[in-house]
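Chains as they are written, first to last, in our numbering: chain A, 1 to 436; chain B, 437 to 872.
All residues carry an ideal CB built from backbone N, CA and C; glycine is no exception.
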């Protein structure tokens with residue numbers, strides 16, 4: 001049972017971080033104070049806003065709320081709820097642990113930290129008897145954490161597939177529609193404010209991997225951390241990839257995929273994938289996010305909404321503050337994992353996918369047979385194979401192959417052999433395919 | 437505060453009704469007992485299943501669970517949770533009130549009853565200190581109640597639009613794709629099990645209106661009952677309507693629409709509407725449901741999933757049982773309305789829509805001018821007007837008109853005048869348009 005906030009004293013809320021999201025959370029708490037207090041069932045007050053740089057302008061935030069001593073704010077002001085919107089591993093982790101140690105509940109949007117240290121932090125929250133809420137950490141404003149935690153708790157979810165990073169989704173769209181190279185599309189995304197100056201967590205897939213870890217943990221009632229999520233970013237995508245995708249009626253998306261097999265093994269991965277252009281996932285555009293669930297009893301469920309942005313993300317934080325506040329005044333907490341299991345997480349080698357291969361071979365008799373032999377040796381079952389009608393200036397022809405479901409380990413072994421073969425010249429490109 | 441279930445005694449669950457949904461709920465409670473008990477945090481037992489007809493076979497349900505005395509089951513077996521899956525107004529209402537009077541929490545899928553008596557029942561639940569949960573009452577397996585109640589509680593939702601009745605959605609699709617008349621499509625839906633023998637609640641829009649009332653109540657933090665929802669069913673739709681829709685790039689859907697205006701007035705309605713074929717709502721097919729939310733801060737959110745069927749609906753019931761069970765063992769309840777207001781509900785006359793009109797006029801000079809005069813007299817601003825190039829055998833030509841946003845009251849007055857005018861002959865058809 002949580003620590004009950006005494007009497008009818010206002011709930012005390014401390015904000016850590018006042019950036020894109022934090023500023024909007026503060027603004028909503030100020031502007032909608034009366035309505036939110038009615039929803040919580042008690043008045044609240046903001047006891048302070050911890051920032052790194054006290055000199056930076058914070059429009060609408062009373063100057064006497066600001067402090068650059070976050071730990072001191074937590075320890076001295078005895079908040080009921082600490083709202084952590086600093087992001088990243090440190091000092092966020094230490095501050096959250098300080099909050100728990102001081103009996104405060106925590107609301108956070110910090111996917112990186114939870115993806116890395118979620119299990120430990122939730123354990124500490126539980127032993128401290130306080131809440132740790134994080135709706136904003138996954139897919140921004142889309143309400144996905146509560147549905148997974150509560151509505152679907154009686155359900156066996158078998159697959160979670162999502163577009164969960166708006167920055168890369170925007171970059172990929174620019175590459176697809178304008179034929180831009182990655183670097184140019186990234187530069188444009190920064191210019192337009194769709195990407196931060198340091199976009200490495202986005203383009204490397206790290207951000208998506210952390211969200212995938214949280215989705216898999218919630219959906220499958222186990223713990224998966226970011227390090228267990230196989231990850232490929234979008235930096236290696238080329239305009240040729242997008243052209244080739246079009247030839248088979250597909251678009252490219254950076255997908256987050258998590259599966260639970262019938263025998264109870266989890267897989268989790270983030271990588272670019274070809275998606276049939278007529279699949280709903282292919283239509284998720286710009287900064288929007290989408291999450292598709294496949295479940296044993298409820299069938300297919302899908303959720304769409306804005307995946308980022310200060311204001312949409314702030315609404316998810318506010319929803320958590322209200323729930324945690326209501327819990328607090330009743331002296332209860334909501335457990336994050338209601339049925340903990342320690343399911344094995346498969347390595348990527350054990351995952352089966354469809355694959356699309358594109359490579360050049362010498363334009364000579366018998367080459368197709370030799371390619372076929374390599375495929376056969378590695379259990380690669382080919383669904384369709386296409387050979388360009390004309391050789392290029394160097395006497396090579398382009399081959400493309402679409403496979404049936406194939407184990408990643410077999411595909412990697414096949415690629416290794418193909419790349420060392422004398423008849424495969426130039427680029428050898430593999431992209432996974434989802435939704436066939 | 438709710439009544440706390442004493443000690444570590446198993447939670448006692450009574451099921452009322454063992455039809456399509458009830459049977460699946462019982463089956464899931466039996467098959468997944470261990471897992472669900474872990475999720476609740478305590479063992480549970482089924483203390484009885486009340487049915488109307490004891491002689492009907494109930495595969496998998498132990499015969500000694502069955503009783504035809506529902507009230508007796510509630511009073512004598514002292515259940516912690518009563519799961520009401522009988523549906524309809526009576527005896528469901530009396531049984532739910534009996535459950536409250538006996539200190540039991542209630543989980544129900546009964547949209548008709550809640551749409552009619554929701555405010556009163558929630559008030560009784562609250563004064564009895566017990567939970568009343570109803571995720572399955574709206575959009576089957578789609579988790580929409582919790583997101584509205586909790587995740588989006590800090591949000592100002594301004595519009596809720598949905599396809600919330602799978603039966604009519606299936607019938608409409610048959611009419612659209614096969615050119616079938618309503619009666620034939622309804623007969624086929626019954627044959628294929630998509631419609632019940634008595635499909636009047638579906639085709640009249642009553643089922644959708646009840647769900648709309650619940651969605652508007654939850655989304656706008658007020659109370660709207662089914663009687664306040666303007667309602668037109670699908671029985672008047674003709675093959676010609678579908679043909680005409682296609683000519684302007686639209687499909688027809690039975691839409692549930694609820695809006696909250698800037699000055700705090702609610703509108704709620706269910707009627708067939710033209711929807712642009714490239715809008716995501718137009719792609720919701722068969723027994724699937726979809727709900728779109730427009731919100732001030734979180735922007736556009738959408739939810740898709742199976743809207744009916746015993747198994748998907750049962751999973752929503754199970755999710756509620758788990759949450760209510762967890763509440764029960766902690767002695768707490770979740771309030772359904774966290775911020776009660778009594779917002780005015782507008783009559784349909786005050787609602788603005790785009791309209792599509794289709795009617796025949798005498799093929800004579802000056803007719804268009806006279807039609808234009810009628811439109812002008814009623815403040816109907818026309819976006820496009822089309823006149824068929826040829827008159828039919830009786831010397832009439834077909835006119836179609838698409839309007840800008842127009843008040844329903846003005847449109848109705850315009851239609852009244854047009855229908856009594858000497859130059860309008862034959863059918864005069866109006867369909868509302870959404871999503872332009």
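*Could you tell me the boundaries of the alpha helix (DSSP H) in which residue 533(B) lies?*
Taking the first residue of the second chain as position 1, residue 533(B) is located at position 97. That run of the alpha helix (DSSP H) goes 528 to 537.
*Residue range of the alpha helix (DSSP H) that residue 214(A) falls in?*
Stepping through the first chain from its first residue, residue 214(A) is reached at position 214. Segment 206 to 220, the alpha helix (DSSP H) holding residue 214(A).
*Report the rounded CA-to-CA distance for residue 3(A) versus residue 453(B), giving the unit in angstroms.*
Taking the first chain and counting its residues from 1, one reaches residue 3(A) at position 3. Taking the second chain and counting its residues from 1, one reaches residue 453(B) at position 17. At residue 3(A) the pLDDT is 46, less than 50, meaning the model places this residue with poor confidence and gives no usable figure here.
*Applying the criterion that 16 or more other CB atoms from any shown protein chain within 10 Å of the CB defines a buried residue, is residue 353(A) buried or exposed?*
Taking the first residue of the first chain as 1, we reach residue 353(A) at position 353. Buried: at least 16 other Cβ atoms inside 10 Å.
_Is it buried or exposed, residue 177(A), if we count other Cβ atoms within 10 angstroms and call 16 or more buried?_
For the purposes of this step, residue 177(A) is taken as the residue at position 177 of the first chain. Counting every other CB atom within 10 Å of its CB across the protein chains shown gives residue 177(A) a total below 16, marking it as exposed.
*Are residue 21(A) and residue 277(A) touching if we call contact CB-CB under 8 Å?*
Residue mapping note: residue 21(A) aligns to position 21 of the first chain, counting from 1. Residue mapping note: residue 277(A) aligns to position 277 of the first chain, counting from 1. Taking 8 Å as the Cβ cut-off, residue 21(A) and residue 277(A) do not qualify as a contacting pair.
*Rounded to a whole number of angstroms, what is the C-alpha to C-alpha distance between residue 441(A) and residue 232(A)?*
Beyond the ends of chain A as shown, which are 1 and 436, falls residue 441(A); an answer cannot be given.
*Contacts that residue 577(B) makes with chain A (C-beta to C-beta distance below 9 Å)*: Along the second chain, one-based indexing puts residue 577(B) at 141. Neighbours of residue 577(B) on chain A, chain order: 151, 152, 155, 295, 297, 298, 299 and 301.
*Hey, would you say residue 575(B) sits closer than 8 Å to residue 658(B), going by beta carbons?*
Start at 1 with the first residue of the second chain, and residue 575(B) comes out as number 139. Start at 1 with the first residue of the second chain, and residue 658(B) comes out as number 222. Not closer than 8 Å, so no.
_Contacting positions in the segment 78 to 110 of chain A - beta carbon closer than 8 Å to chain B_ = none
_residue 308(A) versus 97(A), 103(A), 167(A) and 76(A), residue with shortest Cα-Cα distance_ = Counting from 1 along the first chain, the entry for residue 308(A) is found at position 308. When each option's Cα is compared against that of residue 308(A), the closest is 167(A).
*asked:* Cβ closer than 9 Å: which chain A residues qualify as neighbours of residue 457(B)?
replied: Position 21 of the second chain holds residue 457(B). Ordered by position in chain A, no residue passes the 9 Å Cβ test against residue 457(B), which lies about 12 Å from the chain.
*Looking at C-alpha atoms only, which residue of 128(A), 427(A), 326(A) and 212(A) is the closest neighbour of residue 160(A)?*
Along the first chain, one-based indexing puts residue 160(A) at 160. Nearest of 128(A), 427(A), 326(A) and 212(A) to residue 160(A), Cα basis: 212(A).
*Measure the CB-CB distance between residue 690(B) and residue 755(B) and report whether it falls below 8 Å.*
Taking the second chain and counting its residues from 1, the one referred to as residue 690(B) is at position 254. Taking the second chain and counting its residues from 1, the one referred to as residue 755(B) is at position 319. No, they are not a contact pair.
*Anything in chain B within Cβ reach of residue 318(A), meaning under 7 Å, just list it in chain order.*
By 1-based counting over the first chain, the position of residue 318(A) is 318. What residue 318(A) touches in chain B: 590.
_Per the DSSP calculation, residue 430(A) is bridged to which residue(s)?_
Residue 430(A) sits at position 430 when you count from the first residue of the first chain. Paired residue(s): 357(A).
_Three-state secondary structure assigned by DSSP to residue 839(B)_ = Numbered from its first residue, the second chain carries residue 839(B) at position 403. Strand at residue 839(B).
*Do residue 875(B) and residue 680(B) have their C-beta atoms within less than 8 Å of each other?*
Only positions 437 to 872 of chain B appear in the structure, and residue 875(B) is not among them; the question remains open.
*asked:* Using the Cβ count rule (16 or more neighbours within 10 Å means buried), how would you classify residue 466(B)?
replied: The count along the second chain starts at 1 and reaches residue 466(B) at position 30. Classification for residue 466(B): exposed.
*At which residues does the beta strand (DSSP E) containing residue 251(A) begin and terminate?*
Within the first chain, the letter at position 251 stands for residue 251(A). Segment 250 to 260, the beta strand (DSSP E) holding residue 251(A).
*For residue 634(B), is the classification buried or exposed, using 16 other Cβ atoms within 10 angstroms of its Cβ as the cut-off for buried?*
The residue labelled residue 634(B) in the question sits at position 198 within the second chain. Counting Cβ neighbours within 10 Å, residue 634(B) comes out exposed, since fewer than 16 surround it.
*Answer with buried or exposed for residue 426(A), where buried requires no fewer than 16 other C-beta atoms within 10 angstroms of its C-beta.*
For the purposes of this step, residue 426(A) is taken as residue 426 along the first chain, with counting starting at 1. It is exposed - the Cβ of residue 426(A) has fewer than 16 other Cβ atoms within 10 Å.
_Using a Cβ-Cβ cutoff of less than 8 Å, which residues in the same chain neighbour residue 591(B) once the five nearest sequence positions on both sides are dropped?_
In the second chain, the residue the question calls residue 591(B) occupies position 155. Taken in chain order, the residues that qualify are 731, 732, 733 and 734.
*Any beta-carbon of chain A closer than 8 Å to the one on residue 629(B)?*
Stepping through the second chain from its first residue, residue 629(B) is reached at position 193. No, residue 629(B) does not count as interfacial toward chain A.
*asked:* Is there a Cβ of chain B sitting closer than 8 Å to that of residue 306(A), yes or no?
replied: For the purposes of this step, residue 306(A) is taken as the residue at position 306 of the first chain. So yes, residue 306(A) belongs to the interface.
*So, residue 303(A) versus residue 739(B), is the Cβ gap smaller than 8 Å?*
Locating residue 303(A) in the first chain gives position 303, counting from the first residue. Locating residue 739(B) in the second chain gives position 303, counting from the first residue. Yes, they are a contact pair.
_Between which residues of its own chain and residue 88(A) is the CB-CB distance below 8 Å, once the five residues before and five after are set aside?_
Locating residue 88(A) in the first chain gives position 88, counting from the first residue. If we look at residue 88(A) and ignore the five residues flanking it on each side, its Cβ neighbours are 110, 112 and 113.
_Measuring alpha carbon to alpha carbon, tell me which residue in 272(A), 106(A), 388(A) and 149(A) is nearest residue 86(A)._
Stepping through the first chain from its first residue, residue 86(A) is reached at position 86. Scanning 272(A), 106(A), 388(A) and 149(A) for the CA closest to the CA of residue 86(A) turns up 106(A).
*Taking the alpha-carbon positions, what's the residue 40(A) to residue 323(A) distance?*
Translated into positions along the first chain, residue 40(A) becomes position 40. Translated into positions along the first chain, residue 323(A) becomes position 323. Their backbone Cα atoms lie some 7 Å apart in a straight line.
*Thinking just about the alpha-carbon of each residue, which of 54(A), 93(A), 366(A) and 9(A) is nearest to the one in residue 78(A)?*
Along the first chain, one-based indexing puts residue 78(A) at 78. Closest option to residue 78(A), judged by alpha-carbon separation, among 54(A), 93(A), 366(A) and 9(A): 9(A).
*What's the gap between the Cα of residue 472(A) and the Cα of residue 68(A)?*
Residue 472(A) lies beyond the range of chain A shown here (1 to 436); nothing can be said about it.
*Closest to residue 312(A) by CA distance: which of 720(B), 587(B), 558(B) and 459(B) is it?*
Within the first chain, residue 312(A) is the residue found at index 312, counting from 1. It is 587(B).
*Length at least 4, wholly inside the segment 125 to 200 of chain A: the alpha helix (DSSP H) runs in chain order*: 166 to 178 and 182 to 191
*Identify the contact partners of residue 315(A) in chain B, using a Cβ-Cβ distance below 8 Å as the criterion.*
Residue numbering aside, residue 315(A) sits at position 315 when the first chain is read from its first letter. For residue 315(A), the chain B residues whose C-beta falls within less than 8 Å of its own C-beta are 588, 590, 591, 731, 733 and 734, listed in chain order.
*Determine the direct distance from the alpha carbon of residue 796(B) to that of residue 803(B), and round the result to whole angstroms.*
Your numbering for residue 803(B) matches position 367 in the second chain. Your numbering for residue 796(B) matches position 360 in the second chain. Those two C-alpha atoms are separated by around 11 Å.
*Return no unless some Cβ of chain B is closer than 8 Å to the Cβ of residue 2(A).*
Numbered from 1 along the first chain, position 2 holds the residue referred to as residue 2(A). Only weak support is given to the placement of residue 2(A): the predicted model assigns it a pLDDT of 42, under 50, and the value that follows is read from those uncertain coordinates. Not closer than 8 Å to any Cβ of chain B, the Cβ of residue 2(A) fails to qualify, so no.
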